[in-house]
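Down below is the structure, laid out as structure tokens.
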Ligand code: AMP
Ligand code: GLY
């Protein structure tokens, strides 16, 4: 099968690598890809949002499967456009991708179908939001932009002044663009967070092994929120008992709810969970694989990835048994100086071999480019240095040993990935 992967980050590199392991995979393309992905797939210069160009390329090359990894093209209907042309595609249609693209939609869905989540109110007028927050008078409170905001549209507000500023930033200054025309004001929950990615064909749901993201930029969970600075799998908080509860109260009810709404979800559904004192609750849904969760989940997959992906696309997932390795996996993200704020690009990376790898680990490229055959930085998150190990400490030791071999000017990474407090 000739396969085209859409996207350009570390998640896409991990997907490309896993697809490449399958004996069923023929030619592998990635649009647009990056410097490291170019060592594993043929990168084609088509932007991830260029739906007509993706469809045209897939037709021209007789592509057997398009794997749409990022949220934006899913929300914009790339899968719909491909299916219309008879091209098999992995990922939800736009009417189901809305579960991530609109927080108002996902919160209302959970309320209608009694899926546990934080209590909330929706506002389209800033003055009404502010009046409600003042009257409610409970802090911290969480203010969220309705739409996609690169994972940054969530503001946790310790007091009224901060909440008022958050509403103004989102709704009046529009710092997250059009995604801020409505806000969700939400109860602040506490407890450890768990990411669970799940395969679903709209009929059955098969959760993957759990993982934990480290979202803050600096050690000790200090600094700004980022796209994710590192991950581990499994997540030690995700016990068998909690997994069972999640299946009954969250995973199955969500799949059923989407069917009842006439929005069957096919692809990878990401459950961002918080294990609160009142049990697991949904913090957010994503309509896709997580980044950098994918980098620690897929290395543990033992079943042929193409078999699973095709079972999802062809809606026969229940026939398939999916097997996982008992090993632990750890991914340490190496980022550009300044990230998640302003950073420079084009800085030479030292320590990688000609394939962009180092001994003892797998390096997933997130933001690199090739310049005269050498790898240079080309994004905020640059590399995801990943290792499997018999135990989590062993996986972490291998990942950090590999991190120690790589360097560039300004590089920063967290030293406490996998530290559970
Ligand atoms: P999200 O983009 O919705 O995943 O939110 C980003 C992060 O904000 C989450 O990973 C949580 O750490 C935090 N967060 C979001 N909603 C809540 C909430 N209701 N209570 C506490 N923390 C939250
Ligand atoms: N790591 C969080 C996300 O992919 O949204």
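Numbering (my numbering), first residue to last: 12 to 432. By construction, the Cβ of each residue, glycine as well, lies at the ideal position given by its N, Cα and C atoms.
Query - First and last residue of the uninterrupted beta strand (DSSP E) at residue 297 - result: According to the DSSP assignment, residue 297 belongs to the beta strand (DSSP E) that extends over 290-297.
**Report entry** Chain-order list of residues whose beta-carbon lies under 6 Å from that of residue 88 (same chain, five-residue window excluded)
**Finding:** If we look at residue 88 and ignore the five residues flanking it on each side, its Cβ neighbours are 105.
Query raised in the report: Around the C-beta of residue 389, are 16 or more other C-beta atoms found within 10 angstroms, so that it is buried, or is it exposed?
Result: Residue 389 sits buried, since 16 or more C-beta atoms from the chains shown fall within 10 Å of its C-beta.
Query raised in the report: Residues bridged to residue 287 by DSSP?
Result: Residue pairing by DSSP places residue 287 opposite 290 in a beta bridge.
**Report entry** Status (buried if at least 16 other CB within 10 Å, exposed otherwise) for residue 347
**Finding:** So residue 347 ends up on the buried side.
Report task. Report, in whole angstroms, the separation of the C-beta atoms of residue 23 and residue 48, which I expect to be a contact under 8 Å. Result -> Distance from residue 23 to residue 48 at the Cβ level is roughly 6 Å; contact confirmed, criterion being Cβ atoms closer than 8 Å.
Query raised in the report: DSSP puts residue 134 in a beta bridge; with which residues?
Result: Looking at the DSSP assignment, residue 134 forms a beta bridge with 194.
Query raised in the report: Should residue 280 be counted as a contact of the ligand AMP given a C-beta to heavy atom distance under 7 Å?
Result: No - the ligand AMP has no heavy atom lying nearer than 7 Å to the Cβ of residue 280.
**Report entry** Cα-Cα separation between residue 399 and residue 95, rounded to whole angstroms
**Finding:** Residue 399 and residue 95 have their C-alpha atoms spaced approximately 40 Å apart.
**Report entry** residue 395 (DSSP reduced to helix, strand or coil)
**Finding:** Here residue 395 sits in strand by DSSP.
**Report entry** Buried or exposed (CB count within 10 angstroms, at least 16 for buried), residue 57
**Finding:** Residue 57 comes out buried.
Query raised in the report: If we ignore side chains and look at the alpha-carbon of each, how far apart do residue 428 and residue 419 end up?
Result: Distance between the alpha carbons of residue 428 and residue 419 is about 20 Å.
**Report entry** Proximity below 8 Å, CB of residue 328 to CB of residue 217
**Finding:** Yes.
Query - residue 284 versus 46, 249 and 132, residue with shortest Cα-Cα distance - result: Selected option, being the one with the closest Cα: 249.
Report task. Report the residue from 338, 169, 173 and 180 whose alpha carbon sits nearest the alpha carbon of residue 156. Result -> Taking residue 156 as reference, the option from 338, 169, 173 and 180 with the minimal CA-CA separation is 180.
Requested in this report: Give the single residue among 384, 382, 383 and 360 whose Cα lies nearest to the Cα of residue 374.
Outcome: Scanning 384, 382, 383 and 360 for the CA closest to the CA of residue 374 turns up 360.
Query raised in the report: Would you call the region 336-355 and the region 234-250 touching, i.e. three or more CB-CB distances under 8 Å?
Result: In short, these stretches touch, since the Cβ pair count reaches three.
**Report entry** Length of the line joining the Cα atoms of residue 108 and residue 80
**Finding:** Going by the C-alpha atoms only, they are around 12 Å apart.
Report task. Indicate, with yes or no, if the ligand MN has a heavy atom lying under 7 Å from the CB of residue 96. Result -> In the structure on display, the ligand MN does not appear, and the ligands it does have are the ligand AMP and the ligand GLY.
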